Each structure stands twice: as structure tokens, then as C-alpha cells.
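Have a look at the structure below, then the notes.
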Amino acid sequence: MKIKNFLLTSSIILLLIAILIKFYQFYPITKLFPLYGDLGIQIAKLHFLKTYGFHGNVLNWYNGFTAFEFYPIGWFYFALPIYSSLGNILNATYISLILIYLIAFIVIYKFRNSIKLNRLESVMMFVLFF
């Protein structure tokens with residue numbers, strides 16, 4: 080039993096370090112707009128939600144389109160109050176990412192009794208999931 084706890088604890092520590100490294104590598108987004116991948120498009124859509132609203136006509140982007148016509152809106156509504164309070168879309172994106180991780184950890188930790196996990200196993204479930 081002692082070896083199992085040691086292996087579980089060391090695995091959790093290594094995976095938490097990996098998550099912290101991921102946050103550190105993602106930090107430059109607070110200074111520079113990402114020009115690669117899908118993230119730049121997601122940040123632009125968050126700006127469109129604030130500027131044009133849900134299902135608003137975005138006329139100055141690719142000859143115009145209707146915002147969020149075919150796209151789920153969950154993260155955008157989650158990040159919109161952060162963006163509105165900070166005024167910086169890049170910082171709002173970074174903080175919303177961290178908050179999603181924190182909320183997920185709290186939910187997994189709070190509901191650990193319903194799936195019969197101890198504290199260590201619930202933390203391991205979080206780091207394996209993320």
C-alpha cells in the first residue's frame with residue numbers, strides 16, 4: 080500500500096509539473112496575438128461576441144457572416160465577463176483557461192465521494208484528464 084501511494088503521489092507531482100509548464104508555455108499569449116492555429120480565430124470570435132453580439136452580422140470579415148450561427152458558444156460566454164472587466168482580450172483568454180482548469184479541479188474534487196475516490200485518486204483523475 081505504501082508503494083502504491085508513493086507511485087501515485089510521484090505521478091501526480093510529475094503531471095502537475097507538466098500542467099504548470101503548459102501554463103508557462105501558453106503565457107506569451109498575453110503579449111502577442113497568436114497567428115497560428117485555431118486560437119486566433121477563437122479570440123477573434125470572442126471580440127465579435129462583444130462587438131456584434133450573438134447572431135450579429137459581422138460585415139467587415141470575409142464579406143460578412145453571421146456570428147455563432149454554426150458554432151457552440153459556451154467558452155465565449157464564459158470568457159466574455161472576463162474580457163469586459165479586463166479590456167484586454169489576450170489576458171482574458173489566458174485567465175479563462177486557468178479558470179477552466181480550476182473549476183474542473185474543484186468539480187472533480189467535490190464529487191469524488193460520489194464515485195468513491197479518495198483525495199489522492201481524485202487529484203490523479205484531474206491530472207490524467209487534463
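Note that the numbering used here has the sequence shown beginning at 80, numbered continuously upward.
Ideal placement from N, C-alpha and C gives every residue a C-beta, glycine not left out.
Predicted model only: the values in this text are computed from it and were never measured.
Contained alpha helix (DSSP H) runs [length at least 4] in the segment 98-168, N- to C-terminal order: 118-131 and 153-165
Beta-carbon proximity check, F209 vs Y173, cutoff 8 Å: For this step, residue 209 is matched to residue 130 along the sequence shown. For this step, residue 173 is matched to residue 94 along the sequence shown. In this structure, Y173 does not lie closer than 8 Å to F209 by Cβ.
Cβ separation of V206 and I98, assumed to be a contact under 8 Å, to the nearest whole Å: Indexing the sequence shown from 1 puts residue 206 at position 127. Indexing the sequence shown from 1 puts residue 98 at position 19. Right, their Cβ atoms sit about 7 Å apart.
N- and C-terminal bounds of the alpha helix (DSSP H) containing L212: Because the chain spans 80 through 209 in this model, residue 212 falls outside it and cannot be assessed.
Any 3 or more C-beta pairs closer than 8 Å across the segment 106-125 and the segment 136-154: yes
Rounded separation between L159 and I168 - CA only: Here residue 159 refers to the residue found at position 80 of the sequence shown. Here residue 168 refers to the residue found at position 89 of the sequence shown. Distance between the alpha carbons of L159 and I168: 9 Å.
Nonlocal neighbours in the same chain, by C-beta distance under 8 Å from Y106, ignoring five residues either side: Numbered from 1 along the sequence shown, position 27 holds the residue referred to as residue 106. Here the set comprises Y173.
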